[in-house]
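Undergrad: Sharing a structure here in structure tokens format.
Chains as they are written, first to last, in our numbering: chain A, 1 to 393; chain B, 394 to 684.
Right under this line is the structure:
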């Protein structure tokens, strides 16, 4: 079944070649000789490792251990990892956490009786940047009305328990749905920050009928703002076409594309359709390890084109469309069905988008500054706007 | 990536819908002719057969316009979309694919203008291969314009599609693209089509199977089309075919954003021409007194 999936869906059969045939023979023998699930898993893992590509793997049934059930309700606490610990990097506005006394820069040590550090270590064991983000998010999600106790460590190392009742976020737009996906509350945030710069954030590339007019209207309303900050931290992506749509408002001129996705029988170019009266001021994009898929395609494409400067941390490196199927043994097989490279030829898979300015998770800095990544973007605007406009656009 | 494929699908749908209008032929090319003659003769024969296969030629030519309302299902993604097209005998056309949570994707032909508009990418003026493809799709009854749109057709063998015995023909368009048709031997109907659609995202190979042929006012339409595009499967089902309708306003008018784009391009072109003219004119000689 593993071989069949790769044989029938891999986007570049020629690249598989003789080496793949030899690999299949080699690992088939190991698989047939396996007497335990672990031995069988090892053989399948070896086979997929020979591809030397991300998004191909065997996920043991036990890998989801520690992940919460998820759900539409949440606390409003956003966590990222620093030194193996769960750092609060943001408290969402109008959320239960906002009134709980938890502060950005504090550490979440435990959820109920469950210590987070060992879980984070397990989620991050194979170098996956995205699984810890998802895992930590799941500890902050559940059913509306659930009450959870979180053990919080403050700046001085003091521990305290905080009880939070989960709520379904209202969002600022209508819940969005696309086929099997959703409904998901859409968060649209727009404000002018210090210096009059336009700051915009949306939580997913979904709901184009809401997001695109909102984006267009904001750019028109604030055409005099000296710069645009597009906050895509934690944005897991969604509709790939929306990367082209957003880029269309930020790029002048015809003939640009963000990158190319290579399927088995065709290539899909992420072509940008230029819009009338596009944004002509500097653009800063904020990303982190929770930024994935469409977010990465947009950020890398705009970085390649010299249209935006990227701030934050390397993104998830999960731009490919991949499928997950359950194998007869109960394990899960993940396999990508397309390759992607950006305009500059960069492969995002596994590598992610490397920011122009990297700002690590630093609890002390978060406590002092609030949002060090946003501040870095503002400093860049203040320091180099004119030079950048002349050289990059 | 479904979301990406959808854009290419949208741009190909009008072409596919045209295929659902019954097309028919059953005659193999005459033996003993040169390949050049075969191409010419087969195309000519196909036109006659296909028109006869749809209905009476005089009756077809009397129809002023057609509106088709369909449903498009993408089962793997849980998507059901609404589709309509309006085509007039004069060659005006508007097509819309509305997907909940995604928006209304439109494209059309109005005189010399071929355009598209969608909620994500906004307005665009189509040209080149995409315009050619859309114009072929804007024929109210494709066979009536067969000689205009295609350069040649050649027989390319036989094949069973399911339980239907078919002849295969390769059509070459006048813009040098190729389409492959499987035509049933007994009923002279298109059973399968393979082509490469042009879209803003690139060239998209597609394969379609047409079934459920039914007559609407004496004209044959395939009411179901199963589309395979890469790993994505779609099914398009006609719900209603209307002939000689009173056009709705949005079937006759160009969307405002498209019109604005057209106007801006026209102004920019005129401005450019004006500057070019000014540059050609010799500078007035300076008088002594000016120095």
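Don't be surprised by glycine CBs; every beta carbon is placed ideally from N, CA and C.
Just so you know, these numbers come straight off a predicted model, no measurement behind them.
Name the residues in the segment 483-500 of chain B whose C-beta lies less than 9 Å from a C-beta of chain A; which are they?
TA: Within the segment 483-500 of chain B, the qualifying residues are 492, 493, 494, 495, 496, 497.
Undergrad: What residue from 617(B), 487(B), 444(B) has the CA that sits closest to residue 453(B)'s CA?
TA: With distances taken between Cα atoms, residue 453(B) lies closest to 444(B).
Undergrad: Going by the CB atoms, is the gap between residue 591(B) and residue 661(B) shorter than 8 Å?
TA: Not closer than 8 Å, so no.
Undergrad: Starting from residue 36(A), trace the alpha helix (DSSP H) both ways and give me its first and last residue.
TA: Unbroken run through residue 36(A): none, as it is neither H nor E.
Undergrad: Between the Cα of residue 252(A) and the Cα atoms of 221(A), 282(A), 97(A), which residue gives the shortest distance?
TA: Checking every option, the nearest Cα to that of residue 252(A) belongs to 282(A).
Undergrad: Quick check on the burial criterion: 16 or more other C-beta atoms within 10 angstroms. Buried or exposed for residue 203(A)?
TA: Flag for residue 203(A) reads buried.
Undergrad: Taking Cβ-Cβ distances below 7 Å as the criterion, which residues of the segment 270-285 of chain A are in contact with chain B?
TA: Result list: 271, 273, 275, 276.
Undergrad: Between the C-alpha atoms of residue 286(A) and residue 308(A), what's the straight-line distance to the nearest angstrom?
TA: Rounded to whole angstroms, residue 286(A) to residue 308(A) spans 10 Å at the Cα level.
Undergrad: So who's on the other strand from residue 314(A), going by DSSP bridges?
TA: In DSSP, residue 314(A) forms no bridge with anything.
Undergrad: Below 7 Å on C-beta distance, what does residue 654(B) contact in chain A?
TA: Chain A residues near residue 654(B): 276.
Undergrad: So for residue 211(A), helix, strand or coil by DSSP?
TA: Looking at residue 211(A) - three-state DSSP - the assignment turns out to be helix.
Undergrad: Say whether the segment 290-305 of chain A touches the segment 247-265 of chain A, bearing in mind that this needs 3 or more beta-carbon pairs closer than 8 Å, one atom from each stretch.
TA: Touching, yes, given that three or more Cβ pairs across the two stretches are closer than 8 Å.
Undergrad: In this structure, what does DSSP give as the bridge partners for residue 262(A)?
TA: Per DSSP, 267(A), 339(A).
Undergrad: Pull up the distance between the alpha-carbon of residue 596(B) and that of residue 671(B), whole angstroms please.
TA: One C-alpha to the other measures close to 42 Å.
Undergrad: Would residue 117(A) pass as a contact of residue 85(A) if the rule is Cβ separation under 8 Å?
TA: Yes, the Cβ-Cβ distance between residue 117(A) and residue 85(A) is below 8 Å.
Undergrad: Give me the residue from 245(A), 266(A), 331(A) with the minimum Cα distance to residue 516(B).
TA: With distances taken between Cα atoms, residue 516(B) lies closest to 245(A).
Undergrad: Say whether chain B places a C-beta atom closer than 8 Å to the C-beta of residue 177(A).
TA: Yes - at least one Cβ of chain B is within 8 Å of the one on residue 177(A).
Undergrad: Within its chain, find whatever has a CB closer than 6 Å to the CB of residue 136(A); leave out the 5 residues flanking it on each side and keep chain order.
TA: Taken in chain order, the residues that qualify are 79, 86.
Undergrad: Any residues in the segment 220-242 of chain A with a beta carbon nearer than 8 Å to a beta carbon of chain B? Which ones, in chain order?
TA: Under the 8 Å Cβ criterion, the segment 220-242 of chain A contributes 238, 239, 240, 241, 242.
Undergrad: Comparing C-alpha positions only, which one of 450(B), 564(B), 626(B), 553(B) sits nearest to residue 579(B)?
TA: Selected option, being the one with the closest Cα: 553(B).
Undergrad: Can you name, in chain order, every residue of its own chain whose Cβ lies under 8 Å from the Cβ of residue 429(B), other than the five neighbours on each side?
TA: Confidence in residue 429(B) is poor, its pLDDT being 44 and thus under 50, which makes the residue's placement unreliable; the coordinate value appears in the next sentence. None.
Undergrad: Beta carbons nearer than 8 Å to chain A: which residues of the segment 571-605 of chain B have them?
TA: Going along the segment 571-605 of chain B in chain order, one finds 593, 594, 595, 596, 597, 598 with a Cβ nearer than 8 Å to chain A.
Undergrad: Would you call the CB atoms of residue 512(B) and residue 273(A) closer than 8 Å?
TA: No, they are not a contact pair.
Undergrad: For a contact meaning CB atoms closer than 8 Å, what does residue 265(A) contact in chain B?
TA: Here the neighbours are 598, 623.
Undergrad: Any Cβ of chain A within less than 8 Å of the Cβ of residue 529(B)?
TA: With 8 Å as the cut-off, residue 529(B) does not count as an interface residue toward chain A.
Undergrad: Can you give me, in chain order, the residues of the segment 201-212 of chain A that have a beta carbon less than 8 Å from any beta carbon in chain B?
TA: Here the close residues are 206, 207, 208, 209, 212.
Undergrad: I'd like the list of long-range same chain contacts for residue 440(B), defined as Cβ closer than 8 Å, with 5 residues on each side in sequence excluded.
TA: Once the five neighbours on either side are set aside, the close Cβ partners of residue 440(B) are 536, 539, 540.
Undergrad: Just grab the DSSP bridge partners of residue 458(B) for me.
TA: Looking at the DSSP assignment, residue 458(B) forms a beta bridge with 481(B).
Undergrad: Going along chain D, which residues have a C-beta under 8 Å from residue 244(A)?
TA: Of the protein chains in the structure, A and B, none is chain D.
Undergrad: At 3 residues or longer, and completely inside the segment 153-188 of chain A: list those beta strand (DSSP E) runs for me, N to C.
TA: The qualifying runs are 159-165, 176-178, 181-184.
Undergrad: Between residue 534(B) and residue 546(B), is the Cβ-Cβ spacing less than 8 Å?
TA: The answer is no: Cβ separation not under 8 Å.
Undergrad: Thinking just about the alpha-carbon of each residue, which of 612(B), 604(B), 499(B) is nearest to the one in residue 556(B)?
TA: The residue with the shortest Cα to Cα distance from residue 556(B) is 604(B).
Undergrad: Counting only the same chain and skipping the five closest in sequence on each side, list residues whose C-beta sits under 7 Å from that of residue 123(A).
TA: Hits under 7 Å: 131, 132, 135.
Undergrad: Comparing C-alpha positions only, which one of 318(A), 73(A), 358(A), 311(A) sits nearest to residue 231(A)?
TA: Here the closest residue by C-alpha is 311(A).
Undergrad: Give a yes or no on whether the minimum CB-CB distance between residue 502(B) and chain A is below 8 Å.
TA: No, residue 502(B) does not count as interfacial toward chain A.
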